[in-house]
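J.:
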Amino acid sequence: MTTLPHRILGALDRFNAAHPWDHNAHYHRWILRRLPRRFDRALDVGSGSGDLARLLATRAREVHAVDSDPVLTARAVAATPETVPVTFTVADAPEGLPAGPYDVLTCVAVLHHLPLGEALRAFRRQLAPGGTLVVVGCARARSVGDHALGAASVPLNAAVGWYRNRGRTGQPPLSMTAVTRPPERDFAEIAREARRTLPGAHLRRRLFWRYTLVWRAEG
Numbered sequence: 000m001t002t003l004p005h006r007i008l009g010a011l012d013r014f015n016a017a018h019p020w021d022h023n024a025h026y027h028r029w030i031l032r033r034l035p036r037r038f039d040r041a042l043d044v045g046s047g048s049g050d051l052a053r054l055l056a057t058r059a060r061e062v063h064a065v066d067s068d069p070v071l072t073a074r075a076v077a078a079t080p081e082t083v084p085v086t087f088t089v090a091d092a093p094e095g096l097p098a099g100p101y102d103v104l105t106c107v108a109v110l111h112h113l114p115l116g117e118a119l120r121a122f123r124r125q126l127a128p129g130g131t132l133v134v135v136g137c138a139r140a141r142s143v144g145d146h147a148l149g150a151a152s153v154p155l156n157a158a159v160g161w162y163r164n165r166g167r168t169g170q171p172p173l174s175m176t177a178v179t180r181p182p183e184r185d186f187a188e189i190a191r192e193a194r195r196t197l198p199g200a201h202l203r204r205r206l207f208w209r210y211t212l213v214w215r216a217e218g
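Structure representation (structure tokens):
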């Protein structure tokens, strides 16, 4: 017999599927606010459909965008005007990252697909002195705080989906077609490794099942 909570969750899942919106893109403008007004070189790891890479290009002289999915990368190239200074590369992170140094390195909803310590060390090596690393990541919900933020996100998620789709049924954007998997590490584990590898890193749990990490290399 289906219980009332299960029926409610099922109804929410159907509603969200009918009114999709990109939780990662929600943080793109937040990322830009953590970056300098102008910078020379940027690297976007796990660039997907290229939305963030194109935003970075409004401030950077050149942007390198790396993703392991060749089909999605081809679609990102097709969606990017030739005048926009973004170079897309199909490669696996962290071993296949193009040579730095970079003034800015971004990584959105990809770090949980990578070996955490190895990836963070590679990001650190790629940054120029004074460079900025910004990560928006996914973590496994384990603590009371994790579950509280997750619960608060449920009604907000539905409300934002309704608003962004103007109440109509919508199709997922290209950015939501990437292959995903659930995170294995929780926020506390990620924070411990990040602070060990990147002294002074600032991490915070966020709404919509995300956390953020900001670190600036010594100048």
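Going by numbering that gives the first Met the number 0, the first residue of the sequence shown is number 0, and it counts up by one from there. Every residue, glycine too, gets a C-beta built ideally from N, C-alpha and C.
1) Can you give me the C-alpha to C-alpha distance between L55 and V62, rounded to a whole angstrom?
2) Can you tell me where the alpha helix (DSSP H) with D66 in it begins and where it stops?
3) Three-state secondary structure (DSSP) at A127?
4) Please state whether DSSP places D50 in a helix, a strand or coil.
5) Among the residues of its own chain, which have a CB less than 8 Å from the CB of L113, if the five just before and after it don't count?
6) For T131, does the count of other Cβ atoms within 10 angstroms reach 16, so buried, or fall short, so exposed?
7) Tell me which residue opens and which closes the alpha helix (DSSP H) that W29 is part of.
8) Determine the burial state of A52: buried for a count of at least 16 other Cβ atoms within 10 Å of its Cβ, exposed for fewer.
9) Taking only the alpha-carbon atoms, compute the straight-line gap between L206 and F87 and give it to the nearest angstrom.
10) Which residues does DSSP list as the beta-bridge partners of C290?
11) Which first and last residues belong to the beta strand (DSSP E) in which R36 is found?
12) Hey, quick one: how far does the alpha helix (DSSP H) through F186 stretch, first residue to last?
13) How far does the alpha helix (DSSP H) with R139 in it reach, from first residue to last?
14) For the alpha helix (DSSP H) that contains R74, what are its first and last residues?
15) Quick check on DSSP: helix, strand or coil for L202?
16) In this structure, how does DSSP classify R165 when only helix, strand and coil are distinguished?
17) Please report how far the alpha carbon of S174 lies from the alpha carbon of H25, in whole angstroms.
18) Give the DSSP bridge partners of V213, in chain order.
19) Quick one: grab the DSSP three-state call for F207.
20) By the DSSP assignment, the beta strand (DSSP E) with V83 in it spans what residues?
T.: Taking the definition as stated:
1) Against the sequence shown, residue 55 aligns to sequence position 56. Against the sequence shown, residue 62 aligns to sequence position 63. If I take the Cα positions, the gap works out to 7 Å.
2) As a working note, residue 66 is residue 67 in the sequence shown. Taken as a continuous stretch (DSSP letters only), D66 belongs to no alpha helix (DSSP H), being part of the beta strand (DSSP E) at A59 to D66.
3) The residue labelled residue 127 in the question sits at position 128 within the sequence shown. Strand.
4) By 1-based counting over the sequence shown, the position of residue 50 is 51. It is helical.
5) To locate residue 113, count along the sequence shown from 1; it is residue 114. Only A92 and P93 meet the Cβ criterion.
6) As a first step, residue 131 is located in the sequence shown; it is residue number 132 there, counting from the start. Buried.
7) The residue labelled residue 29 in the question sits at position 30 within the sequence shown. Element bounds for W29: H27 to R32.
8) Your numbering for residue 52 matches position 53 in the sequence shown. Buried: at least 16 other Cβ atoms inside 10 Å.
9) Along the sequence shown, read from residue 1 onward, the residue named residue 206 stands at position 207. Along the sequence shown, read from residue 1 onward, the residue named residue 87 stands at position 88. So the alpha carbons of these two residues sit roughly 30 Å apart.
10) Outside the displayed range of the chain (0 to 218) lies residue 290, so it cannot be described from this structure.
11) Here residue 36 is taken as the residue at index 37 of the sequence shown, counted from 1. No beta strand (DSSP E) holds R36; DSSP gives it neither H nor E.
12) For the purposes of this step, residue 186 is taken as the residue at position 187 of the sequence shown. From DSSP, the alpha helix (DSSP H) with F186 extends over F186 to T196.
13) Sequence index remark: in the sequence shown, residue 139 carries index 140 (1-based). R139 -> no alpha helix (DSSP H), and no H or E assigned at all.
14) Translated into positions along the sequence shown, residue 74 becomes position 75. Taken as a continuous stretch (DSSP letters only), the alpha helix (DSSP H) holding R74 covers P69 to A77.
15) Along the sequence shown, read from residue 1 onward, the residue named residue 202 stands at position 203. Strand.
16) Here residue 165 refers to the residue found at position 166 when the sequence shown is read from its first residue. R165 carries a coil assignment under DSSP once its states are collapsed to helix, strand and coil.
17) Residue 174 sits at position 175 when you count from the first residue of the sequence shown. Residue 25 sits at position 26 when you count from the first residue of the sequence shown. Between S174 and H25, the C-alpha separation is close to 12 Å.
18) In the sequence shown, residue 213 corresponds to position 214, counting from 1. BP columns for V213 point to V133 and H201.
19) If you number the sequence shown from 1, residue 207 lands on position 208. Per DSSP, reduced to three states, the secondary structure at F207 is coil, with no helix or strand assignment.
20) On the sequence shown, position 84 is the one that residue 83 refers to. From DSSP, V83 is part of no beta strand (DSSP E); its letter is neither H nor E.
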